[in-house]
Amino acid sequence: MKSLLKRSIVSETSGDNVSCTDLASVDTCGHPRISGDREECVSSVMEKFRDLNLDDTLESVGEDDDDGVIVTLLHQVKDLEKKLKEWKAWALKKAMQVAQKVNDELAELKNGIGKLAVDELTVKILSEMENALRKATCQYDTANAIKLKLHDAIIAEKEKVLPQITQDEKENEAKREQEQGQEQKVKEPTLAQVEEEKRSKQAAEAHNKRKLEILRLKIELEFQQQKDDHQT
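Everything in the sequence shown is counted per the UniProt record's numbering, starting at 1 for the first residue and increasing by one.
Given below as structure tokens:
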């Protein structure tokens, strides 16, 4: 169970974890020099949002109905995942709004609006987008850290419970062996008594047979003696 939980944590953190260094992709765009560069910058940012994978589950952690603490931690993880999805939706919405503003600015640039004014607007929009990305990323990193702590707490709780279960099983096994030994001790005198009674019965039967044989021989002897006396 422990190894299963650890594999779940590794897969979730490797797939979901977004660090603040992802903002470097926005910083490298800098101030757009031409329309094509701006479009590539916006596309790069949008790809970063699409790559955010916030949908993960707790299928790798099995619930232990006998352990209330673990159940509580699992519910907290589920609530945290719900918040992560809400943050994802918010971040994507902000990105779409910023992208729309950038597209509008590009359209105005193509229509001949002054380049200086457009550049200032672009810098402002990109700054807003950078701040939004930084806020969403830091919130997501915090959520991932909390989630990892919850998983560690679940593993620790499992490690506490499993030795106790093993100890209980050992105690139950020892108790069963002790009970079986006591039953055997109770049975041994009974078996000895039955065996003794059997031997006594056999001895009595043998004695009775000998007595009957002696009586038969005595009767035959007396009969033969009377017969001999009668003949004389």
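Just so you know, even glycine gets a beta-carbon here, dropped at the ideal spot from N, CA and C.
- Within the region 77 to 141, no run of beta strand (DSSP E) at least 3 residues long lies entirely inside it.
- T190 counts as exposed, since fewer than 16 other beta carbons sit within 10 angstroms of its beta carbon.
- A contact between stretches requires three or more CB pairs, one per stretch, nearer than 8 Å, and the region 80 to 95 fails this requirement with the region 161 to 171.
- Residue environment: T122 is assigned as buried (16 or more neighbouring CB atoms within 10 Å of its CB, all protein chains considered).
- If you check the CB distance, L73 and A192 do not come in under 8 Å.
- Listed in chain order, the alpha helix (DSSP H) elements of length 4 or more contained wholly in the region 165 to 220 amount to none.
- Here the alpha carbon of A143 sits roughly 47 Å from the alpha carbon of A174.
- Within its own chain, the residues whose Cβ lies closer than 8 Å to the Cβ of W87, once the five positions on either side in sequence are excluded, are L54, A136, Q139, Y140 and A143, listed in chain order.
- When the Cα atoms are used, K85 and V161 turn out to be separated by approximately 32 Å.
- When the Cα atoms are used, D104 and L133 turn out to be separated by approximately 20 Å.
- Of the other Cβ atoms in all chains shown, fewer than 16 fall within 10 Å of the Cβ of A203; this residue is therefore exposed.
- Between the beta-carbon of K147 and that of L80 there is about 5 Å, and that keeps the pair under the 8 Å contact cut.
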